[in-house]
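S.K.:
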Amino acid sequence: MEITFEVLKAILDAYPYEVVFVDRTHTVRWMNRTALTRYGQRVIIGNSLFNCHNESTKPKIENFLRRADEGEDEMFETYNRKTGEREFFVPVKDQDGKVIGYFERHEVPWTPENASEPVGEYWLRRLAKPE
């Protein structure tokens with residue numbers, strides 16, 4: 066089987082965590098199905114990431130890009146107290162190792178009581194709960 070764009074898209078759409086790929090100009094270039102569901106109209110392909118992140122995060126993201134250019138891979142960003150998630154900056158590199166963009170990876174909070182809950186069900190439950 067040839068690994069085509071359609072196959073890669075299907076793989077990423079099956080991934081239960083959101084993937085929002087952003088290029089070096091901070092333009093949203095692609096989102097998987099989970100991201101489209103979770104973020105709705107707040108994040109739009111072709112728009113600046115800073116339409117949904119405030120401008121004060123730009124220096125932090127630029128610093129992550131600089132560190133990625135210097136060879137760092139995935140970097141811890143923050144612990145989101147609102148959602149209980151740990152968030153990581155993940156640089157995306159081309160075949161020559163040049164950083165071409167990035168995405169943010171989230172880890173949902175698990176406890177022994179909910180460890181077997183599928184991620185999709187976790188987010189449906191979270192999205193249904195008023196904040």
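Per my numbering, the very first residue in the sequence shown carries number 66; after that it's consecutive. Here a beta-carbon is modelled for each residue, glycine too, at the ideal position from N, C-alpha and C. These numbers were taken from a predicted model, which means no experiment stands behind them.
Please classify Val93 as buried or exposed, where buried requires at least 16 neighbouring CB atoms within 10 angstroms.
M.R.: To locate residue 93, count along the sequence shown from 1; it is residue 28. When all chains shown are included, Val93 counts as buried.
S.K.: Just how far apart, CA to CA, sit Thr99 and Leu73?
M.R.: Numbered from 1 along the sequence shown, position 34 holds the residue referred to as residue 99. Numbered from 1 along the sequence shown, position 8 holds the residue referred to as residue 73. Between Thr99 and Leu73, the C-alpha separation is close to 15 Å.
S.K.: Considering only DSSP beta bridges, list what Glu169 is partnered with.
M.R.: Indexing the sequence shown from 1 puts residue 169 at position 104. Beta-bridge pairing links Glu169 to Phe154.
S.K.: Below 8 Å, how does it come out for the segment 168-177 and the segment 142-155: are there three or more Cβ pairs, yes or no?
M.R.: Yes: at least three Cβ pairs fall under 8 Å.
S.K.: Pull the bridge partners of Val93 from the DSSP assignment, please.
M.R.: Residue numbering aside, residue 93 sits at position 28 when the sequence shown is read from its first letter. Beta-bridge pairing links Val93 to Val87.
S.K.: Contact between the segment 96-110 and the segment 69-87: three or more CB pairs below 8 Å?
M.R.: Yes, the segment 96-110 is in contact with the segment 69-87.
S.K.: For the alpha helix (DSSP H) that Glu71 lies in, which residues bound it at each end?
M.R.: Here residue 71 corresponds to residue number 6 of the sequence shown, with the count starting at 1. Unbroken alpha helix (DSSP H) run through Glu71: 70-79.
S.K.: Could you work out which residue in Lys163, Thr122, Tyr144, Glu182 is closest to Ala133 when comparing CA atoms only?
M.R.: The residue given as residue 133 occupies position 68 in the sequence shown. The option with the nearest alpha carbon to Ala133 is Lys163.
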